[in-house]
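Per the numbering used here, the very first residue in the sequence shown carries number 901; after that it's consecutive.
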Amino acid sequence: MDFANIGFMISVWIIPIIIAVTLHEAAHGWVAWRLGDHTAYMMGRVTFNPIKHVDPFGTLLMPGLMLLLSGGKMMFGYAKPVPVDMRNFSNIRRDMVLVAAAGPGANILIAVVSAILFYALPLLPQDVDVWAAHNLANSIRINVILCVFNLIPLPPLDGGRIAVGLLPRPLAMRLASLERYGMFILLGMIFLLPYVGSQFGMNLNILWWLVGIPADFITNLIVHGVGIAG
């Protein structure tokens, strides 16, 4: 077993994952804090310290399973949700949308910065530049996928909270009522539907249509926009 190669592969994936989910959650907490809710700040969640945000299953185990099952083509995860008390907002619906959008927005920003940092690779020593290039490439993909995945309009994902804040109240209430089932629906989409489809010779990988295709499109926009497309 080539432990050196395994260590290399783990390092070029786990570092971008931890940075992506840490800044995603810190962005939620920071925006909530700036809008008047100090809950996350008082609990130490407005920080770049990954220990405060990492969820063992969502940050480490689930991304690893997704990476393994997809053959390295699909991977995403999540961190411990940042606590938010909406009663502290001056405009609950508007501020909820802003807090929810902060996480995906942070991921797109990280993806763009990662793409720009490719221009610094020639300044690094040989071999280190290869390791850094893998980290940056994975950072772009991870952050774009994390952004798109979280924008699925299903509570408790950010997209669900954004939709609840934007929809007319009757529709918003119906969508919000799905939050207790949201994770079960997501796990079914990730694992159960593709398995069932494979048993009947059908492609039921709905998550690839919802996340993979838009993520590929956005990734291409970033790398071409920055000028690093090879």
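For each residue, glycine too, the CB sits at the ideal point set by N, CA and C. Just so it is clear, the structure is predicted and the values come from calculations on it, not from any experiment.
Fill in: Nearest to H938 (by Cα), restricted to the options V999, L923, P956
Against the sequence shown, residue 938 aligns to sequence position 38. It is V999.
Worksheet item: Excluding sequence positions up to five away, which residues of its chain have a Cβ less than 6 Å from the Cβ of H1034?
Response: To locate residue 1034, count along the sequence shown from 1; it is residue 134. Excluding positions up to five away in sequence, the list reads V912.
Fill in: Alpha carbon of N1142 to alpha carbon of V954, nearest angstrom
Since the displayed the chain opens at 901 and closes at 1130, residue 1142 lies outside it and no answer follows.
Worksheet item: How big is the Cα-Cα spacing for M1073 and F1084?
Response: The sequence position of residue 1073 within the sequence shown is 173, counting from 1. The sequence position of residue 1084 within the sequence shown is 184, counting from 1. Counting only the Cα atoms, F1084 lies some 19 Å from M1073.
Worksheet item: Is V997 near E925, with beta carbons less than 9 Å apart?
Response: Here residue 997 is taken as the residue at index 97 of the sequence shown, counted from 1. Here residue 925 is taken as the residue at index 25 of the sequence shown, counted from 1. When the beta-carbon positions are compared, V997 and E925 stay at least 9 Å from each other.
Worksheet item: Straight-line CA distance for F1133 to M1089?
Response: Outside the modelled stretch of the chain, which goes from 901 to 1130, sits residue 1133, for which no answer is possible.
Discussion item. Below 8 Å on the Cβ atoms is my contact criterion, and I expect G1082 with L1054 to pass it. Report the Cβ-Cβ distance as a whole number of Å.
Written reply: Locating residue 1082 in the sequence shown gives position 182, counting from the first residue. Locating residue 1054 in the sequence shown gives position 154, counting from the first residue. Contact flag correct, Cβ pair sits at about 5 Å.
Discussion item. Taking the alpha helix (DSSP H) that S1098 belongs to, which residues open and close that run?
Written reply: Reading the sequence shown from its first residue, position 198 is the one you call residue 1098. Looking at the DSSP string, the run of the alpha helix (DSSP H) that includes S1098 is 1093-1099.
Worksheet item: By DSSP, does V982 sit in helix, in strand, or in coil?
Response: Locating residue 982 in the sequence shown gives position 82, where the first residue counts as 1. V982: coil per DSSP, three-state reduction.
Worksheet item: Which residues in the same chain as M901 place their Cβ atom closer than 8 Å to its Cβ, once the five residues preceding and following it in sequence are excluded?
Response: Taking the sequence shown and counting its residues from 1, the one referred to as residue 901 is at position 1. Residue placement at M901 is poorly supported in this model, since its pLDDT is 47, which falls under 50; the coordinates still yield a value, given next. Taken in chain order, the list of residues that qualify is empty.
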